[in-house]
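Student: My numbering applies: residue 1 is where the sequence shown begins, and numbers increase by one.
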Amino acid sequence: MDGNGRWAKKRALPRKAGHKAGVDALKKVIEECQARGVQMCSFYAFSTENWKRPQDEINAIFKLVEDFAANELKKYVDKNYRVMCMGDLSLLPQKTQDSLKEIVDSGKNNTGMIVNIAINYGGRQEIVNAINYILQSGINKVDEQMVSDCIYTAGLPDPDIIVRTSGEERISNFMLWQLAYSEFLFIDTLWPDMDKKDIDYIINEYSKRNRRFGDIK
Ligand code: IPE
Ligand code: MG
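#1: Please determine, among Ser-106, Gly-87, Thr-48 and Asp-98, the residue with the shortest C-alpha to C-alpha distance to Tyr-76.
#2: Over what stretch of residues does the beta strand (DSSP E) that includes Glu-183 continue unbroken?
#3: With DSSP collapsed to three states, give me the class of Tyr-121.
#4: Using 8 Å as the threshold, is the C-beta distance between Ser-47 and Asn-173 below it?
#5: For the ligand MG, which residues have a Cβ under 7 Å from at least one heavy atom, in chain order?
#6: Would the beta-carbon of Trp-234 be found less than 7 Å away from any heavy atom of the ligand IPE?
#7: Asp-78 to Gly-37, Cα distance in whole Å?
#8: At a cut of 8 Å, does the region 181 to 194 reach the region 140 to 150 through at least three beta carbon pairs?
#9: Determine which residues share a DSSP beta bridge with Cys-150 and list them.
#10: Given a threshold of 16 other Cβ atoms within 10 Å of its Cβ, counted over all protein chains shown, does Asp-215 qualify as buried or as exposed?
#11: Starting from Phe-43, trace the beta strand (DSSP E) in both directions and tell me its first and last residue.
#12: Would you kindly check if the distance between the Cβ of Ser-99 and the Cβ of Glu-49 is under 8 Å?
#13: So, are the CB atoms of Arg-209 and Glu-183 less than 8 Å apart?
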């Protein structure tokens, strides 16, 4: 979800205002994905590198996460969406952790679209944690399935497509294990400007891709 800061800057607003607008876009995107039959959607809200930002901006982001959990995510859980998080939540403010935990727990048996929020998430951290977890169990030879089973998305499908907004063309430590055969799409839209027509574009673009997974044809 990139481009909140630039969206705000264009309007001579503080970066926080960009993050707030980003939350409004997130609601639209989640609802549109659900309407289009998407089964799982992951959103990169805060990376393990985002701690480098000014404390004031970090606090504003976590406050938005708390409000989003209490308001929107709660509504989604009531509508049978399953909300999950990936990342090391233990480093977040207690209040942010509690608000997310409550939502995740209350919807854990839901069967609708999975909304996965990556927060204090890093792909390398995820893989290293998985390997340490396996080693602690006494196993000294790791295979691919074991890693897949010990990462945050254990048992869930790898992403079909990864979209980065705002014109940046890099992965920034997102789902490094899971992306092995994902399609990529880089769009210029700043995250707060995301709407239905961007989702249409993404789905249409995905439908034109020919996925071979290393096979021929
Ligand atoms: C949002 O966009 C991403 C978050 C970490 C919340 P940015 O804050 O990275 O926006 P830009 O890149 O400065 O435009
Ligand atoms: Mg950015």
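Glycine is no exception: its CB is placed at the ideal position from the N, C-alpha and C atoms.
Tutor: In this structure, then:
#1: Comparing Cα-Cα distances from Tyr-76 to each of Ser-106, Gly-87, Thr-48 and Asp-98, the minimum goes to Ser-106.
#2: It spans 183 to 186 - the beta strand (DSSP E) in which Glu-183 sits, taken as one unbroken run.
#3: Per DSSP, reduced to three states, the secondary structure at Tyr-121 is strand.
#4: Yes, the Cβ-Cβ distance between Ser-47 and Asn-173 is below 8 Å.
#5: Per the Cβ criterion, the list is Asp-2, Gly-3, Gly-5, Ser-166 and Glu-168.
#6: Nothing can be reported for residue 234: it is not among the residues displayed for the chain, which extend from 1 to 217.
#7: If I take the Cα positions, the gap works out to 18 Å.
#8: Judged by Cβ distances under 8 Å, the region 181 to 194 makes no contact with the region 140 to 150, as fewer than three pairs qualify.
#9: As computed with DSSP, Cys-150 is found in no beta bridge at all.
#10: That one is exposed.
#11: Per DSSP, Phe-43 is one residue of the beta strand (DSSP E) stretching across 40 to 47.
#12: The answer is no: Cβ separation not under 8 Å.
#13: For Arg-209 and Glu-183, yes; Cβs fall inside 8 Å.
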